[in-house]
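Quick note: to get this note's numbering, add 378 to the position in the sequence shown (first position is 1).
Don't be surprised by glycine CBs; every beta carbon is placed ideally from N, CA and C.
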Amino acid sequence: MTSVEHVIGVAGPELGNFRGGLVAGFTGAAFATASGGLAVVAGIAILAAVNGPLRRFRISHEVPTSQGAAGEVPPSPGEDRTVPPEGSEVPPSQGEDRTE
Numbered sequence: 379m380t381s382v383e384h385v386i387g388v389a390g391p392e393l394g395n396f397r398g399g400l401v402a403g404f405t406g407a408a409f410a411t412a413s414g415g416l417a418v419v420a421g422i423a424i425l426a427a428v429n430g431p432l433r434r435f436r437i438s439h440e441v442p443t444s445q446g447a448a449g450e451v452p453p454s455p456g457e458d459r460t461v462p463p464e465g466s467e468v469p470p471s472q473g474e475d476r477t478e
């Protein structure tokens with residue numbers, strides 16, 4: 379997949395330069411530039427017309443909260459926050475001194 383992306387990234391500008399040079403050779407630089415811009419706009423319009431899901435895509439501006447219902451931060455991956463059954467002793471946390 380990376381190699382395909384590389385080929386497109388390298389060949390795309392070269393193909394655009396070839397098109398621009400070919401059109402400019404027959405008409406002139408101003409027409410080549412304007413026609414290239416119009417071709418891009420037309421291509422985007424065609425892509426939008428045939429691709430409904432792309433047209434309907436919207437970015438949500440809602441910021442997801444990382445807090446639970448009571449304002450508690452959810453556990454990080456691998457963190458165990460299970461509540462022990464009533465009456466059982468809670469093991470001390472690391473570094474916590476439980477001398478009585």
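Query	Result
For the ligand NAD, is there any heavy atom lying closer than 7 Å to the beta carbon of Pro391?	By its list of ligands, the structure shown contains no ligand whatsoever, and the ligand NAD lies outside what it can speak to.
So, under 8 Å CB-CB, Gly414 and Arg436 are touching, yes? Tell me the CB distance rounded to an integer number of Å.	Not quite, the Cβ-Cβ distance comes to about 30 Å (not below 8 Å), so this is no contact.
Can you give me the Cβ contacts of Pro391 inside the same chain, cut-off strictly under 6 Å, excluding the 5 residues immediately before and after it?	none
Would you report the Cα separation of Gly430 and Leu416, rounded to the nearest angstrom?	22 Å
I believe Ala402 touches Ala410 by the beta-carbon criterion, under 8 Å. Please report the beta-carbon distance rounded to the nearest angstrom.	4 Å
Between the C-alpha atoms of Val428 and Val418, what's the straight-line distance to the nearest angstrom?	16 Å
Taking the alpha helix (DSSP H) that Ser413 falls in, what are its first and last residues?	Ala407 to Val428
For Thr380 and Ala389, I'd like the C-alpha separation in whole angstroms.	14 Å
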